[in-house]
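Quick note, the sequence shown lines up with residues 0 to 602 if you use numbering that gives the first Met the number 0.
Note that CB positions come from ideal geometry on N, CA and C, so glycine has one too.
In what follows, a single structure is set out as structure tokens and then discussed.
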Amino acid sequence: MSTSDTGQRLPIAFDDHVLRQLAGDFSEQQLLWLSGYFYGRYAAGSGSDLAAAVAQVAPAQTTPAAAGRRLTVLYGSQTGNSKKVALQAVEAAQQRGLNATARDMNDYQGRELSKEEVLLVVVSTQGEGEPPVAAEELHRFLGSARAPKLPQLRYAVLALGDRSYLQFCQTGRDFDERLGKLGATALAPRVDCDLDFHADARQWIAAVLDVLGQPATSAAVSIKRAPAPLTTEAYSRHHPLTAEVLEKIQLNGRGSTKETYHLELSLAGSGLQYEPGDALSVIPTNSEALVEEVLRATQLSADAPVLLKGERLRLATALTERLELSTLSRDVLERYAQHQPQPKLRELAGATQQLQAYLYGRDAADLLVDYPAELSAQQLVDTLRPLPARAYSLASSLLAHPDEAHLTVGAVRYDAHGRRKQGTCSCYLADRVQVGDSLRVFVERNEYFKLPQDPSANIIMVGAGTGVAPFRGFVEERAERGASGLNWLVFGNPHFTTDFLYQTEWQQHFKRGTLAKLHVAFSRDQTDKIYVHNRLLEYARDVYDWLESGAYLYVCGDKQRLAATVHKALVSVVQLESGASLEEAEAYVRALKKQRRYLEDVY
Ligand SMILES: Cc1cc2nc3c(=O)[nH]c(=O)nc-3n(C[C@H](O)[C@H](O)[C@H](O)COP(=O)(O)OP(=O)(O)OC[C@H]3O[C@@H](n4cnc5c(N)ncnc54)[C@H](O)[C@@H]3O)c2cc1C
Ligand SMILES: Cc1cc2nc3c(=O)[nH]c(=O)nc-3n(C[C@H](O)[C@H](O)[C@H](O)COP(=O)(O)O)c2cc1C
0 MSTSDTGQRL PIAFDDHVLR QLAGDFSEQQ LLWLSGYFYG RYAAGSGSDL
50 AAAVAQVAPA QTTPAAAGRR LTVLYGSQTG NSKKVALQAV EAAQQRGLNA
100 TARDMNDYQG RELSKEEVLL VVVSTQGEGE PPVAAEELHR FLGSARAPKL
150 PQLRYAVLAL GDRSYLQFCQ TGRDFDERLG KLGATALAPR VDCDLDFHAD
200 ARQWIAAVLD VLGQPATSAA VSIKRAPAPL TTEAYSRHHP LTAEVLEKIQ
250 LNGRGSTKET YHLELSLAGS GLQYEPGDAL SVIPTNSEAL VEEVLRATQL
300 SADAPVLLKG ERLRLATALT ERLELSTLSR DVLERYAQHQ PQPKLRELAG
350 ATQQLQAYLY GRDAADLLVD YPAELSAQQL VDTLRPLPAR AYSLASSLLA
400 HPDEAHLTVG AVRYDAHGRR KQGTCSCYLA DRVQVGDSLR VFVERNEYFK
450 LPQDPSANII MVGAGTGVAP FRGFVEERAE RGASGLNWLV FGNPHFTTDF
500 LYQTEWQQHF KRGTLAKLHV AFSRDQTDKI YVHNRLLEYA RDVYDWLESG
550 AYLYVCGDKQ RLAATVHKAL VSVVQLESGA SLEEAEAYVR ALKKQRRYLE
600 DVY
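Here is the structure:
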């Protein structure tokens, strides 16, 4: 072991002068990138590809002291995660003497970019690779001919996303590419974060600020968390609350094609708080049947020892409790392809359209059968991705149900590729969790899908199926608070007799006046299908009048069908009732979204 200039002992057996020789003629900038590259190689070798990406940001090299330098942290966020990270970045930058400000893309003009010198972008991806509403305009502007050249700008991008989506972190990628094309210089390579973004975000902030200014003291690097306003954040994916199930009720009547459960959980003694509009994430386990399919396909022993994040486990335990099996993603296919002699799988992982078709309805056992490979238990564990928690909209108000959290869960079951399949978490809750059992949960705050601050504002709530869940919490909350604003629910599901979720509660609210309007769309109760968007068109005059008088409109439920059809119906409502052209009506609806008066919580 040798010793460096600073007296630190180098953990590897070569001298500092060897390093100096290697560095040779490299410029400061090149050294910056190289240090990141090597650290990235190291981190990749240590098993974390995210850490590798993060580490490509040079850990210690800095430009001259940057005290007082202006820094803008621009965020584009749908549920508040990117905003949270942006605020952490500002706080950390201020601790290092930088003049940092957080700006919401929703209120940011593209032409302001010409005045920026240093820009950190934190942005999530929504839909299928689309920007969040708040980022849409800036995203479009940067890709347009109107975007200015930005040679003065130095920037870094942190992309938030979810690896289960094929267009992983697409919006962050777009921002990175577009800023680069406009002549801006990347301070550091972009980092793409999966759902569990906190640690990566913290590392990215510290690393980018290291590049920008004096390296922080260790105290400054560890970003102080603002005292959580609610005890919500005391519990997380890594420190979930164990909550007892108090009630579990099947909401659909006999003969329904749907299977929806109402669950009530106890939060007693936990201090856990939430607001209507937030979601509760549940950490599930995989079913025994699926674990057995995987073991059968690999011919591996359930008892084979494996190492997962430094913990020694039985393979069956890792498969049951830690690894995602019911869905596949591109990164899993890419890793698996390394153990697979056929080039076909590698090609498939690289071809988005074919990959999308392949992934639909296939699970880990399908992949192992379709493309057999000899792999050890450890290689299997290293190939699969961590089992993510699943989010469920909170269907209750703490004011109406102190110390309780209610959920509305639709069981996902389908036949595909020769087997009956089950959604991991929904069927864990439907089949294996009983009253008296405990669930591991934490709150996912949704900063924007919230009731209006003004209790006198009217609200229109459009929900289909389990999409009604947050609206139960909304109406309870407004009833408890005695809010004077009117509540209007438009609810859809297949049949009146079997699928009118929370029917008696809505009727009671209607009687008491805490629900001013209730319209239902039972799609299969008549020959012509009727959906919630049809009801919006039918009551176009009222919808338009309410919107004109400042009402908020909320949409919750199916991402693919509901969000798009409701959007289209609203544009028609505006056209019909105001005589606006299609373009004007679209601009009207877009403005509602920008003002955060038209809010979606779709999945
Ligand atoms: C903010 C938020 C709030 C949510 N709120 C609710 C809620 O209130 N209630 C609720 O029930 N859910 C809600 N969800 C959805 C929930 O998080 C889960 O995605 C859902 O329960 C399915 O998870 P699972 O583990 O059961 O299924 P998974 O194991 O994740 O399997 C689902 C996957 O199976 C595949 N699949 C499903 N059906 C078919 C089919 N017919 N053919 C082929 N493949 C298919 C698809 O690839 C799908 O992605 C919410 C999601 C978000 C992000
Ligand atoms: C309906 C929906 C669609 C999403 N689509 C994508 C996607 O296409 N690609 C991706 O990487 N992440 C996707 N995500 C994941 C989000 O980007 C991720 O949850 C992120 O942390 C949200 O950050 P925000 O609160 O700042 O918007 C999606 C999430 C939801 C709920």
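P451 carries a coil assignment under DSSP once its states are collapsed to helix, strand and coil.
Counting of Cβ neighbours within 10 angstroms places T526 among the exposed residues, the total staying below 16. Close CB contacts of S113 within its chain, under the 6 Å cut and outside five residues either way in sequence, are with P147 (chain order). Remark: fewer than three beta-carbon pairs, one from each stretch, lie closer than 8 Å, so the segment 473-487 and the segment 102-112 are not flagged as touching. Selection R412, I282, A356 evaluated against E323 yields I282 as nearest (Cα-Cα).
If you draw a straight line from the Cα of L575 to the Cα of A539, it is about 8 Å long. Judged by beta-carbon spacing, L245 lies within the 8 Å limit of E403, meaning their Cβ atoms are closer than that value. By the 16-neighbour rule on beta-carbons within 10 angstroms, D436 is exposed.
Judged by the Cβ position, G126 fails to qualify as a neighbour of ligand 1 at the 7 Å threshold, every heavy atom of the ligand being at least this far.
In this structure A348 does not touch A363 by the C-beta definition: roughly 15 Å separates them, more than the 8 Å allowed. Within the segment 382-443, the complete beta strand (DSSP E) segments at least 3 residues long are 389-392, 403-409, 412-415, 418-421, 437-443, listed from N- to C-terminus.
The alpha-carbon of A456 is positioned some 10 Å away from that of R596.
Taking the Cβ of L159 as the reference point, at least one heavy atom of ligand 2 falls within a distance shorter than 7 Å.
Taking a contact to require three or more Cβ pairs closer than 8 Å, the segment 117-136 and the segment 75-87 qualify as touching. Closest in C-alpha terms to G422, from the list Y359, L398, H400, comes Y359.
Cβ-Cβ distances below 6 Å link A468 to S392, A394, T407 in the same chain, with the five nearest sequence neighbours on each side left out; the list follows chain order.
Of the candidates P401, H532, Q502, R439, P401 places its Cα closest to the Cα of A267. Secondary structure at L73: strand, using DSSP grouped into helix, strand and coil. Look at H518 here: in three-state DSSP terms it is strand. C-alpha of Q341 to C-alpha of M104: approximately 45 Å in a straight line. N80 has its CB nearer than 7 Å to a heavy atom of ligand 2.
Proximity of the beta carbon of L344 to ligand 2 is not indicated: no heavy atom of the ligand is located closer than 7 Å.
Around the Cβ of S280, a 10 Å sphere holds 16 or more other Cβ atoms; the residue is buried.
In this structure, the beta-carbon distance from A296 to V368 falls below 8 Å.
Ligand 2 has no heavy atom closer than 7 Å to the beta-carbon of P188.
When secondary structure is reduced to three states using DSSP, T564 falls in the helix class.
In terms of Cα proximity to A463, the closest of F441, G252, Q559 is Q559. Within 7 Å of the C-beta of G409 there is at least one heavy atom belonging to ligand 1. Scanning its chain for C-beta atoms nearer than 8 Å, with the 5 sequence neighbours on each side dropped, one finds around Y234 the residues L240, S269, L271, V440, F441, V442, in chain order.
Separation of G179 and E116 (C-alpha to C-alpha, rounded to the nearest whole angstrom) is 14 Å. By the C-beta density criterion, S81 is buried, having at least 16 other C-beta atoms within 10 angstroms.
Closest in alpha carbon position to W487, among V432, D544, H494, N445, is D544. For E585, the CB contacts under 7 Å within the same chain, skipping 5 residues up- and downstream, are V570 in chain order. Looking only at D498, L428, A356, the smallest Cα-Cα distance to L264 is reached by L428. Separation of V190 and L157 (C-alpha to C-alpha, rounded to the nearest whole angstrom) is 5 Å. In this structure, the straight-line span from the alpha carbon of L294 to that of A372 is close to 13 Å.
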